[in-house]
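Just so you know, my numbering puts the end of the sequence shown at 272, numbered straight through with nothing missing. Below you'll find the structure, written out as structure tokens, and then a few comments.
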Amino acid sequence: MPLTERQLAAFADKHAWRIPFDTSPRHLAGPGDARHVTHGLAAAGWNTVSDPLSAEIDLRSPGLRHSLQFDPQSATGAWWRLRAEPSDDGPGWYAEFGELVPAEVLGALTDALVSAPSQPGDPWQPVASAGWHRESESTALSPDSMCRIELRQLSECRDLPSWHIETSEPRGEFSGPRIWHAYLDEHTPPHLVTSFPTALADPRPLQRGMYERTVHYSAVQEPSPLRPQQVVDAHTSRIRSLRMQARSARRQQTKPATTPANTNPARPAARR
Numbered sequence: 001m002p003l004t005e006r007q008l009a010a011f012a013d014k015h016a017w018r019i020p021f022d023t024s025p026r027h028l029a030g031p032g033d034a035r036h037v038t039h040g041l042a043a044a045g046w047n048t049v050s051d052p053l054s055a056e057i058d059l060r061s062p063g064l065r066h067s068l069q070f071d072p073q074s075a076t077g078a079w080w081r082l083r084a085e086p087s088d089d090g091p092g093w094y095a096e097f098g099e100l101v102p103a104e105v106l107g108a109l110t111d112a113l114v115s116a117p118s119q120p121g122d123p124w125q126p127v128a129s130a131g132w133h134r135e136s137e138s139t140a141l142s143p144d145s146m147c148r149i150e151l152r153q154l155s156e157c158r159d160l161p162s163w164h165i166e167t168s169e170p171r172g173e174f175s176g177p178r179i180w181h182a183y184l185d186e187h188t189p190p191h192l193v194t195s196f197p198t199a200l201a202d203p204r205p206l207q208r209g210m211y212e213r214t215v216h217y218s219a220v221q222e223p224s225p226l227r228p229q230q231v232v233d234a235h236t237s238r239i240r241s242l243r244m245q246a247r248s249a250r251r252q253q254t255k256p257a258t259t260p261a262n263t264n265p266a267r268p269a270a271r272r
């Protein structure tokens, strides 16, 4: 079922009366509204295949290659699971995200998934530009030392490294208890990999309502210059843009290959 006006109105009803607070850094902003993720996918034509009365949400892409599962009863801490089945376009891949990952950051990755693939950039560049400390060629640490991005080789049997992101309680030289995590396996498309740290390290604050959950007392909250309606309008505008991008991407995928013109037209038959 596509995203309906009723569902968009429900989002507006929740946020139109909430005074927004600029909340930073992003890795401490808290989960926010999961509809930043699910509305974007529904606008791109993904369908819900789960029981509507269940707490679990299971979304499938139009071509059924991709799926996103949201399971708030997960015993592993991975509330979000994103999968791609193997196809002619590439191998299968898997990514997972913890309960407290900011929905807007995960939404940046799912937005990139449903839009036409872009040329991937260097995933470390936006991190470095935001002042994160590069401990090595394969790691970066946020300025408050609470979020760590690592490109990790799991074993000698695996040819490619996978991406691991963790936000943890600070505890001296070592990380304390984990707050949330993200994992993107070695076959995750590069443009999706780049989208996640780019959104995570973005210095712009996320909007959270008064008394809305953050993940740590050190998160900084200040009254936002945005009015509540502007937050709603930004969501609606993003959904409209995703609809158009997804339609454009599908048209490109289904466009038939053009037959090259015959550059040597047949000559008229010789007269006898």
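Idealized CB from N, CA, C, for every residue including glycine.
| Check | Outcome |
| --- | --- |
| Given the structure, does residue 136 come close to the ligand HEM, in the sense that its CB is under 6 Å from one of the ligand's heavy atoms? | For the ligand HEM, the structure offers nothing, since it holds no ligand at all. |
| Going by beta carbon distance, what residues of the same chain come within less than 6 Å of residue 165, once the five residues before and after it are set aside? | 149 and 182 |
| Can you grab the Cα-Cα spacing for the pair residue 49 / residue 78, in whole Å? | 20 Å |
| What residues in its chain sit with their C-beta under 6 Å from that of residue 270, if we drop five residues either side in the sequence? | Legend: pLDDT at residue 270 = 47, less than 50; position of this residue unreliable, value from coordinates given subsequently. None. |
| Pull up the distance between the alpha-carbon of residue 196 and that of residue 133, whole angstroms please. | 17 Å |
| Going by other Cβ atoms of all chains shown within 10 Å of its Cβ, with 16 needed for buried, is residue 90 buried or exposed? | exposed |
| Between which two residues does the beta strand (DSSP E) carrying residue 133 extend? | 133-136 |
| Do the segment 218-225 and the segment 11-28 touch if we need at least three Cβ pairs shorter than 8 Å? | yes |
| List the endpoints of the continuous beta strand (DSSP E) containing residue 16. | Premise fails: residue 16 is in no beta strand (DSSP E) and is neither H nor E. |
| Relative to the C-alpha of residue 249, which residue among 118, 202 and 135 is closest? | 118 |
| Does residue 90 come out as helix, strand or coil in the three-state DSSP assignment? | strand |
| Take residue 141 and list the residues in its own chain whose beta-carbon comes closer than 7 Å to its own, dropping the five residues that flank it on each side. | 132, 133, 135 and 148 |
| If you draw a straight line from the alpha carbon of residue 127 to that of residue 194, how long is it in whole angstroms? | 10 Å |
| When the distance is taken between beta carbons, is residue 213 closer than 7 Å to residue 30? | yes |
| Does residue 205 pass the burial test, meaning 16 or more other C-beta atoms within 10 Å, or should it be called exposed? | buried |
| Starting from residue 124, follow the alpha helix (DSSP H) in both directions and report where the run begins and ends. | 124-129 |
| Which runs of the beta strand (DSSP E), 3 residues or longer, sit entirely within the segment 182-264? | 206-209 and 220-223 |
| Since I believe residue 179 is in contact with residue 162 (beta carbons under 8 Å), could you give me their beta-carbon distance rounded to a whole number of angstroms? | Between residue 179 and residue 162 the Cβ distance is about 20 Å, and since that is not below 8 Å, they are no contact. |
| Are the segment 108-125 and the segment 39-55 touching, with three or more C-beta to C-beta distances below 8 Å? | yes |
| What residue from 84, 28 and 100 has the CA that sits closest to residue 63's CA? | 84 |
| Tell me, please, which residues DSSP counts as bridged to residue 48. | 59 |
| Comparing C-alpha positions only, which one of 231, 72 and 241 sits nearest to residue 17? | 231 |
| In angstroms, rounded to a whole number, what distance separates the CA positions of residue 36 and residue 88? | 30 Å |
| From residue 104 to residue 185, what distance separates their C-alpha atoms? | 21 Å |
| Using beta-carbon positions only, say whether residue 102 and residue 45 come within less than 7 Å of one another. | no |
| Helix, strand or coil: how does DSSP classify residue 167 here? | strand |
| Report back the beta-carbon spacing between residue 80 and residue 106 to the nearest angstrom; my notes put them in contact at under 8 Å. | 6 Å |
| Taking the beta carbon of residue 57 as the centre, do at least 16 other beta carbons fall within 10 Å, making it buried, or is it exposed? | buried |
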